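Q: Following this message is one structure expressed as structure tokens.
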Amino acid sequence: MDPLAFLAGAAAAAGACASLCMYLRARGAEREAARLRAELDVQRHAADHDALTGLPNRRAFYQRGAVLVADPSRHPLVAVVLDVDGFKEINDVYGHSAGDEVLVTIARRLSACAGTGLVARLGGDEFAGLIASHGTPDEQAARLSEALAAPLRLAGQIVTVSSSVGLVPVEPFAHLADAVHRADAAMYRAKSARRRPLLSHQHLVHTTIRLGRPRHSVEKDNTRPTPAS
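Here it is as structure tokens:
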């Protein structure tokens, strides 16, 4: 064999091997970069979203909401704050996994009602949103409460869970925290108006959560009354 031809062939083979190694290293680096980007995306999402419902969390709501309020093309807007009635009793009667299911259902229904607006879970059973204004705040609150109160299956039973809702108009460039504070106050006024002063625990479960049977079928409970939450 011609030595020069042999050396040329060996050099070509070595070059091909080196090129292959470089290609494999480049592909490996691309895969690692993609993995790191995916992990970063997950971390960013977790930092801005509620782990249970997938909604934006309190921090993300105020960050994104401020941008939304400052955009005149998105007005008229209303700020909404809602709280699940009797949520502690739901956890006590059905368990915390059922309570989580209620929160996920409320989050999904609120998102559907808000359309392109912004909704978030502030914490616990409290949600907030910025949505397009339709009608008076009282009318919109009534429509929203009705939509959220659609029956759902919980622990093998058909249950209707009610929510107290407060809405206030939001002017362009308004301070979002102030609007949410006023909506929160309106929500608590609505919740107070719904309460009955002498409800026993048994009555509270059957009127606030409203199990799928007539209210008058619940026998009167003469136990000491406990306040509604």
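Using UniProt numbering, the first residue of the sequence shown is number 1, and each one after it goes up by one.
From the three backbone atoms N, C-alpha and C, an ideal C-beta is built for every residue, glycine too.
Model, not experiment: these values are computed from the prediction.
(1) Under 8 Å by Cβ, that's how I've got Arg-121 and Thr-53 pegged, so tell me the actual separation to the nearest angstrom.
(2) Enumerate in chain order the residues of its own chain whose CB-to-CB distance from Val-180 is below 7 Å, with the five nearest sequence positions on each side excluded.
(3) Taking the alpha-carbon positions, what's the Leu-176 to Ala-26 distance?
(4) Residue range of the beta strand (DSSP E) that Ser-162 falls in?
(5) Can you find at least 3 beta carbon pairs, one from the stretch 126-143 and one from the stretch 29-37, that sit closer than 8 Å?
(6) Would you grab the beta carbon distance between Ser-163 and Ile-90 for me? Rounded to a whole angstrom, and I think it's under 8 Å.
(7) According to the neighbour-count rule (16 or more other Cβ atoms, all chains shown, within 10 Å of its Cβ), is Thr-208 buried or exposed?
(8) Using only the alpha-carbon positions, how far apart do Pro-137 and His-49 sit?
(9) Can you list, in chain order, the residues of its chain whose CB lies under 6 Å from that of Ala-13, leaving out five sequence neighbours each side?
(10) Is any heavy atom in the ligand FMN found nearer than 7 Å to the beta carbon of Val-104?
(11) With DSSP as the reference, please indicate the residues paired to Gly-129 in a beta bridge.
A: Walking through what the data contain:
(1) Within the sequence shown, residue 121 is the residue found at index 121, counting from 1. Within the sequence shown, residue 53 is the residue found at index 53, counting from 1. With 8 Å as the limit, Arg-121 and Thr-53 qualify as a contact, their Cβ atoms being about 5 Å apart.
(2) One-based indexing of the sequence shown puts residue 180 at position 180. Once the five neighbours on either side are set aside, the close Cβ partners of Val-180 are Ala-79, Val-81, Ala-128.
(3) As a first step, residue 176 must be located in the sequence shown, where it is residue number 176. As a first step, residue 26 must be located in the sequence shown, where it is residue number 26. The alpha-carbon atoms of Leu-176 and Ala-26 are separated by roughly 48 Å.
(4) Here residue 162 is taken as the residue at index 162 of the sequence shown, counted from 1. Careful: Ser-162 lies outside any beta strand (DSSP E) and carries neither H nor E.
(5) Taking one beta carbon from each stretch, the stretch 126-143 and the stretch 29-37 have fewer than 3 pairs nearer than 8 Å; the two do not touch.
(6) The residue you call residue 163 lines up with position 163 of the sequence shown. The residue you call residue 90 lines up with position 90 of the sequence shown. With a Cβ gap of about 12 Å, Ser-163 and Ile-90 do not count as contacting.
(7) For this step, residue 208 is matched to residue 208 along the sequence shown. Caution applies to Thr-208, whose pLDDT of 35 falls short of 50 and renders its modelled position unreliable; the value that the coordinates give is listed next. Under this definition Thr-208 is a buried residue.
(8) The residue you call residue 137 lines up with position 137 of the sequence shown. The residue you call residue 49 lines up with position 49 of the sequence shown. When rounded, the distance between both Cα atoms is 27 Å.
(9) The count along the sequence shown starts at 1 and reaches residue 13 at position 13. Closer than 6 Å at Cβ, skipping near neighbours: no residue.
(10) By its list of ligands, the structure shown contains no ligand whatsoever, and the ligand FMN lies outside what it can speak to.
(11) As a working note, residue 129 is residue 129 in the sequence shown. Looking at the DSSP assignment, Gly-129 forms a beta bridge with Val-80, Val-119.
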